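Novice: Chains B and A are the protein sequences, given in the same order.
The first sequence finishes on residue 301 if you use my numbering, and the numbering steps up by one all the way, no holes.
The second sequence finishes on residue 403 if you use my numbering, and the numbering steps up by one all the way, no holes.
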Amino acid sequence: MGLIMWDYSDTVKEHFYNPRNAGEVENANAIGDVGSLSCGDALRLTLRINPQTEIIEEAGFQTFGCGSAIASSSALTEIIKGMTLDNALQVSNQDIADYLDGLPPEKMHCSVMGREALQAAIANYRGEEWKDGHEEGALVCKCFAVDAVLIEDTIRANNLKTVEDVAHYTKAGGGCTSCHEGIEEILAKVLAEKGEKFDPKAASRAEIEITMQKSPREMSELQRMRRIETVIESLRPQIQADHGDIELVKVLGNKVFVNMTGACSNCQIAGMTLSGIQQRMIEALGEFILVLPASELAHMQAAGE
Amino acid sequence: MQGIYLDNNATTQVDPAVVETMLPYFSEQYGNPSSMHMFGNKVGFAIKKARKQIQYLLGAAYESEIIFTSCGSESDSTAILSAIKAQPQRKEIITTVVEHPAVLALCEHLEKEGYLVHYLKVDNKGRLDLEKYRSLLSDRVAIVSVMWANNETGTLYPVEEMAELAHQAGVMFHTDAVQAVGKIPIDLKSSNIDMLSLSGHKLHAPKGIGVLYLRRGVRFRPLLRGGHQERGRRAGTENTAAIIGLGKAAELAMEHMEYENTFVAAMRDRLEQGILDAVPYCFSTGDKDNRLPNTANIAFEYIEGEAILMLLNKVGIAASSGSACTSGSLEPSHVMRAMNIPFTAAHGTVRFSLSRYNKMEEIERVIAAVPPIVAQLRKLSPYWDDQGPVDVPEKTFAPRYS
């Protein structure tokens, strides 16, 4: 029985109590119906698109769903009104959540539904077939909103063996760690498909790769520096997607100092992100690396280290 | 505006008399009941009195059959795990599909450890098939665990009859009576129920206190070992103030038993009928002829429960829902699914659970508040078309389900 009153932002509540653009648009020329009735959400989005300019002139929604589903639908229609179709297709579920000043992790799927309805409606207008590639499982990791289906797929695709691996590839289990029992169960299930057994003491992918790589001494200082830069560059898009950024400040022996900016800098997840970067660094360099925030550098210098 | 609290199956207000009874045990008699000195020497007597008050409410034969625990869930776990540890050769469990997660999740876990769990199904009113139950009883079964009353619909289960059948088959019987205790008369000494769980906060005692009733002579293995408390059956320093509060709450429940089953039942009936009369396309779920006096569960078709609760909350009315969204899960309540309630209605179920503190005047306010809220949400619903559900085939809303 539901006992949770969600911690919704004021913007979510405002859009729920006073939804914008509720109802069907008159003379609509695009319609998108999506939903997952078993999980209690369904949405019909109707649009009136100017055929000359491809600008969305009117948008309306009808939603069967919870408070955040209704608020997400309302936000979506506000965001896309006046946009060209190509621009509207760039709207991500994170954009919808941001517009509402955030959604609880369990409710992120409400914003996904909004984006899917938009894609379906635009496909309908263009006479295309919209395919829903999204399958949703039960939420496993509440810190990072990762569901069981995503975890299973990632384990299969990357041949993962440990809870640590899962955290590196999906973020699931990288926060409070309460979901590790659930992740172990998923690992056991997927490994059983291949006739393997889950071993809590198995080496993680990172450890295996280190032993396989050649010794760090064979790498020149310049090669090593380039690799460190490459790792940072390769991770930046992911961090930027979370509205943050990262830059390399200094390398001192096995310590790599970085500067986190934007949303990441005061985020409680910063520590988690750093340990993820550290893991990638260890994998790429084949030696033990400590990734530290640049603020530590100042502390260390002050301490005369 | 004074709020209207109709969520008493979730938890209840602690009765002011209970609070008053508890206070000295925080500030004056705070000694350990095991201690001899003056700070604790009255505590032992107060706990003994509480045990007797609960014995009386349950109609138990002996006060030593009352074991204090931390909550209903602990009592459930203790009962089931005790039965399987005491009878390791028995590898089957019988329960129902509509149990509380305190029992269901434990049973699912035991399945992974090799137990065969029989989940009795229910019909569309939530009723069990007793013939099927009878056929499953055997000497392979370690324990039967069936709730006395369902938390969502209030439907009562024939646990006394089922315990009798289990007894005849030589099988232990446990009932999760968390919702029933204090709301309906119970007389355990004239039943064959071996174990019963109750939870203080469902009957106007505080949270964090529960009871496991354990019939004298029933083989038992403790969940927590380590101390002599509760005669070695549940280690851990007693939650004295809460135990004493629960005793007082049990006494008050006994005093109000008739009121609960007449006045509270009448308010519930008025609420239910008032809403059913005023709102189209809604219906009661569960077994209306056989349920708790305080519970009504209404399914509002074509809208979603959390949205209803948020709008109710805005006008100061507290209730709860079986929708997926309110629990953060992906599916509506397992109880509604077990009764085959269609998804479009299961997501819109709202449980109103009353207590002796409610007033008829509040009920009338709720009856007035509900219809416009339902109408407001239906206006947003793609399944709804002005006066009723969309029934023009080409307009019917049939989304692609992901």
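Using N, Cα and C, we set each Cβ at its ideal position, and we do this for glycine too.
The structure presented is a predicted model; accordingly, all values stated were derived computationally and were not measured.
Beta carbon of F301 (chain A), beta carbon of S83 (chain A): below 9 Å?
Specialist: The answer is no: Cβ separation not under 9 Å.
Novice: Please list, in chain order, the chain A residues whose beta carbon lies closer than 8 Å to that of R222 (chain B).
Specialist: Ordered by position in chain A, no residue passes the 8 Å Cβ test against R222 (chain B), which lies about 43 Å from the chain.
Novice: Short of 7 Å Cβ to Cβ, which residues in the region 47 to 75 of chain B face chain A?
Specialist: Here the close residues are Q58, T59, F60, G61, C62, G63, I66.
Novice: Suppose the cutoff is 7 Å on Cβ atoms and the five residues either side in sequence are ignored; what does the same chain contact list for C108 (chain A) look like?
Specialist: Hits under 7 Å: I94, T96, V118.
Novice: Assuming R220 (chain B) and L146 (chain B) are in contact, meaning their beta carbons sit under 8 Å apart, how far apart are those beta carbons, in whole angstroms?
Specialist: That belief does not hold up - the Cβ atoms of R220 (chain B) and L146 (chain B) are roughly 34 Å apart, past 8 Å.
Novice: Which word fits E160 (chain B), buried or exposed, when buried means at least 16 other C-beta atoms lie within 10 angstroms of its C-beta?
Specialist: With 16 or more Cβ atoms within 10 Å of its Cβ, E160 (chain B) is classed as buried.
Novice: Report yes or no: do three or more beta-carbon pairs, one from the region 275 to 283 of chain A and one from the region 205 to 215 of chain A, lie closer than 8 Å?
Specialist: Output reads no: the region 205 to 215 of chain A does not touch the region 275 to 283 of chain A.
Novice: Can you check which of these residues, B:S64, B:P289, B:S69, is closest to T42 (chain B) by C-alpha distance?
Specialist: Of B:S64, B:P289, B:S69, the residue nearest in Cα terms is B:S69.
Novice: By DSSP, does Q377 (chain A) sit in helix, in strand, or in coil?
Specialist: Q377 (chain A) falls in the helix class under three-state DSSP.
Novice: Mind pulling the alpha helix (DSSP H) runs of 4 or more residues that sit fully within the region 43 to 110 of chain A?
Specialist: Those alpha helix (DSSP H) runs which fall completely within the region 43 to 110 of chain A and span 4+ residues are 44 to 59, 73 to 87.
Novice: Output, in sequence order along the chain, the residues in the region 149 to 180 of chain A whose CB is closer than 7 Å to any CB in chain B.
Specialist: Here the close residues are N152, E153.
Novice: Flag this pair as yes or no: are the beta carbons of V99 (chain A) and T156 (chain A) separated by less than 9 Å?
Specialist: It is a contact, given that the beta carbons lie within the stated cut-off.
Novice: Considering Cα atoms alone, identify which of A:Y57, A:N33, A:L58 is closest to F46 (chain A).
Specialist: Of A:Y57, A:N33, A:L58, the residue nearest in Cα terms is A:N33.
Novice: Going by DSSP, what residues sit across from S200 (chain A) in a beta bridge?
Specialist: According to DSSP, which records beta bridges pairwise, S200 (chain A) is partnered with A:G211.
Novice: When DSSP builds the beta bridges, which residues end up paired with H168 (chain A)?
Specialist: The partner list for H168 (chain A) (beta bridge, DSSP) is empty, contrary to what the question assumes.
Novice: Taking C-beta to C-beta, are A11 (chain A) and S321 (chain A) nearer than 9 Å?
Specialist: Yes, Cβ-Cβ distance for A11 (chain A) and S321 (chain A) is below 9 Å.
Novice: Could you check what DSSP says for F344 (chain A) in three-state terms: helix, strand or coil?
Specialist: It is helical.
Novice: Assign Q274 (chain A) to one of three DSSP states: helix, strand, or coil.
Specialist: In this structure, Q274 (chain A) counts as helix in the three-state DSSP scheme.
Novice: How close, in whole Å, do the beta carbons of A141 (chain B) and P101 (chain B) come, if the pair is a contact with beta carbons under 8 Å?
Specialist: Yes, A141 (chain B) and P101 (chain B) are in contact; Cβ-Cβ is about 4 Å, under 8 Å.
Novice: Based on DSSP bridge pairs, tell me the residues matched to D97 (chain B).
Specialist: Bridge partners of D97 (chain B): none, in fact.
Novice: Determine the closest residue to K92 (chain A) out of A:E112, A:N314, A:W149, A:Q180, with distance taken between C-alpha atoms.
Specialist: Looking at the Cα atoms, A:E112 is the closest of the given residues.
Novice: Suppose contacts are defined by Cβ-Cβ distances below 9 Å. Is V219 (chain A) in contact with I68 (chain A) by that definition?
Specialist: Against a cut-off of 9 Å, the Cβ pair of I68 (chain A) and V219 (chain A) comes out as no contact.
Novice: Tell me the DSSP bridge mates of P173 (chain A)?
Specialist: Correcting the residue type first, residue 173 (chain A) is Met in the shown sequence and not Pro. DSSP, once it has assigned bridges, lists A:I144 as partnering M173 (chain A).
Novice: Kindly say whether S403 (chain A), judged by its beta-carbon, lies nearer than 9 Å to any beta-carbon of chain B.
Specialist: Any answer about S403 (chain A) is weak, because its pLDDT of 41 lies below 50 and its placement is not dependable; what the coordinates show is given next. For S403 (chain A), the answer is yes, since a Cβ of chain B falls inside 9 Å of its Cβ.
Novice: Is the beta carbon of L85 (chain B) within less than 8 Å of some heavy atom of the ligand GTP?
Specialist: Among the ligands in the structure shown, none appear at all, so the ligand GTP cannot be discussed.
Novice: Taking the C-alpha atoms as reference points, what is the distance between I0 (chain B) and A319 (chain A)?
Specialist: Caution applies to I0 (chain B), whose pLDDT of 49 falls short of 50 and renders its modelled position unreliable; the model cannot decide the point.
Novice: The beta strand (DSSP E) with M109 (chain B) in it runs from where to where?
Specialist: From DSSP, M109 (chain B) is part of no beta strand (DSSP E) but of the alpha helix (DSSP H) over 104 to 121.
Novice: Please classify M148 (chain A): is it buried, with 16 or more other beta-carbons within 10 angstroms of its beta-carbon, or exposed?
Specialist: Buried, because 16 or more other Cβ atoms sit within 10 Å of the Cβ of M148 (chain A).
Novice: Would you kindly report the start and end of the unbroken alpha helix (DSSP H) that includes S334 (chain A)?
Specialist: Careful: S334 (chain A) lies outside any alpha helix (DSSP H) and carries neither H nor E.
Novice: Mark S200 (chain B) as exposed unless 16 or more other C-beta atoms lie within 10 angstroms of its C-beta, in which case mark it buried.
Specialist: Buried.
Novice: Determine the extent of the alpha helix (DSSP H) in which P34 (chain A) is found, giving its start and end residues.
Specialist: P34 (chain A) -> no alpha helix (DSSP H), and no H or E assigned at all.
Novice: F398 (chain A) versus chain B: which residues are under 9 Å apart at the beta carbon?
Specialist: Near F398 (chain A) (Cβ distances below 9 Å), the residues of chain B are D29, G31, A38, R40, Q58, F60.
Novice: Whole angstroms are fine: how far does the CA of V19 (chain A) sit from the CA of I245 (chain A)?
Specialist: Going from the Cα of I245 (chain A) to the Cα of V19 (chain A) covers about 8 Å.
Novice: Cβ closer than 8 Å: which chain B residues qualify as neighbours of I304 (chain A)?
Specialist: Within chain B, the residues near I304 (chain A) are F60.
Novice: Helix, strand or coil: which one does DSSP assign to I299 (chain A)?
Specialist: DSSP places I299 (chain A) in strand when its eight states are reduced to three.
Novice: Identify every residue that forms a DSSP beta bridge with P390 (chain A).
Specialist: For P390 (chain A), which the question treats as bridged, DSSP gives the partners A:W385.
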